[in-house]
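Asker:
Numbering (the numbering used here), first residue to last: 77 to 308.
1. Could you tell me the alpha carbon to alpha carbon distance between residue 273 and residue 198, rounded to whole angstroms?
2. When burial is assigned at 16 or more other CB atoms within 10 Å of the CB, is residue 303 buried or exposed?
3. Straight-line CA distance for residue 120 to residue 161?
4. Where does residue 215 fall in DSSP's three states?
5. Might you give, ordered along the chain, the residues of its own chain that have their beta carbon closer than 6 Å to the beta carbon of residue 213, omitting 5 neighbours on each side?
6. Quick one: what does DSSP say residue 274 is sitting in, helix, strand or coil?
7. Can you list the beta strand (DSSP E) stretches of 3 or more residues lying completely in the region 149–230, in chain order?
8. Alpha carbon to alpha carbon, what distance is there between residue 238 and residue 180?
9. Taking C-alpha atoms, which residue in 164, 249, 202, 148 lies nearest to residue 242?
10. What residues are listed by DSSP as bridge partners for residue 249?
11. Round the Cβ separation of residue 139 and residue 166 to the nearest angstrom and send it over; I've been treating them as touching at under 8 Å.
12. Is it the case that the Cβ atoms of residue 57 and residue 175 are separated by a distance below 8 Å?
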């Protein structure tokens with residue numbers, strides 16, 4: 077399969093969200109659009125599918141299966157995908173039981189950038205232990221306003237509900253500067269540094285945000301997760 081983000085994204089485009097047959101859908105789409113790679117795979121993929129489906133969660137920002145502490149999760153932008161998975165895992169572990177409370181702050185640059193809200197509502201419905209707080213300024217706000225709103229919300233909520241964030245498992249996911257800034261804030265609100273976890277996110281090479289199709293064309297953004305030394 078070509079090492080091209082566009083091809084990878086296209087191959088995942090038709091995959092059902094967290095479906096039981098996710099990998100089956102992925103392979104079917106991959107082979108349909110890239111038939112030349114089919115001979116590189118075994119004729120029967122069942123064994124490979126099973127290994128992929130039951131693979132363990134990896135990374136730093138995973139849940140502690142033995143923890144009974146309340147949970148705070150902060151997601152910025154597409155960081156919601158990781159936090160959503162953690163909440164679903166927590167719900168699956170709990171079953172009919174009521175786990176410790178979980179609070180999710182879902183931040184976006186502005187109201188227009190809020191997405192997947194139907195999934196948020198479905199996730200919260202029927203789970204009294206889970207609360208999601210949306211943090212986004214009005215459309216057209218500067219990025220600094222979104223950051224300020226998120227930080228103020230975390231400060232007020234933590235102090236009003238718990239007197240701070242001591243004793244909470246904390247998981248952070250979002251843009252490169254989200255975790256360091258939020259972690260500093262939470263440490264000032266009594267959070268335990270050993271309970272704050274997030275996966276490393278490399279900074280992008282250019283931080284300007286194209287706003288129009290012309291901007292996107294003229295300012296081709298680098299993809300930080302590709303090893304640039306391989307590109308010559």
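In this text, a Cβ means the ideal position worked out from N, Cα and C, and glycines have one as well.
Answerer: Result, derived from the coordinates:
1. The count along the chain shown starts at 1 and reaches residue 273 at position 197. The count along the chain shown starts at 1 and reaches residue 198 at position 122. Straight-line measurement puts the Cα of residue 198 at about 26 Å from the Cα of residue 273.
2. Working through the chain shown from its first residue, we reach residue 303 at position 227. Low per-residue confidence applies at residue 303: pLDDT is 48, beneath 50, and the placement is therefore not dependable enough to give any value.
3. If you number the chain shown from 1, residue 120 lands on position 44. If you number the chain shown from 1, residue 161 lands on position 85. One alpha carbon belongs to residue 120, the other to residue 161, and they sit about 29 Å apart.
4. Taking the first residue of the chain shown as 1, we reach residue 215 at position 139. Judged by DSSP in its simplified three-state form, residue 215 adopts coil rather than helix or strand.
5. What you label residue 213 is simply residue 137 of the chain shown in a count that begins at 1. Contacts found: 186, 221, 222, 225.
6. Sequence index remark: in the chain shown, residue 274 carries index 198 (1-based). If DSSP states are grouped into helix, strand and coil, residue 274 belongs with the strands.
7. Segments of the beta strand (DSSP E) lying fully in the region 149–230: 178–183, 206–211.
8. Here residue 180 is taken as the residue at index 104 of the chain shown, counted from 1. Here residue 238 is taken as the residue at index 162 of the chain shown, counted from 1. Answer to the nearest angstrom: the Cα atoms are 15 Å apart.
9. Taking the first residue of the chain shown as 1, we reach residue 242 at position 166. Cα-wise, what sits closest to residue 242 is 148.
10. As a position in the chain shown, residue 249 is number 173, starting the count at 1. Residue 249 pairs with 151.
11. Counted from its first residue, the chain shown places residue 139 at position 63. Counted from its first residue, the chain shown places residue 166 at position 90. Rounded, the Cβ-Cβ distance is 6 Å, consistent with contact.
12. The chain is shown from 77 up to 308; residue 57 falls before or after that span and cannot be answered.
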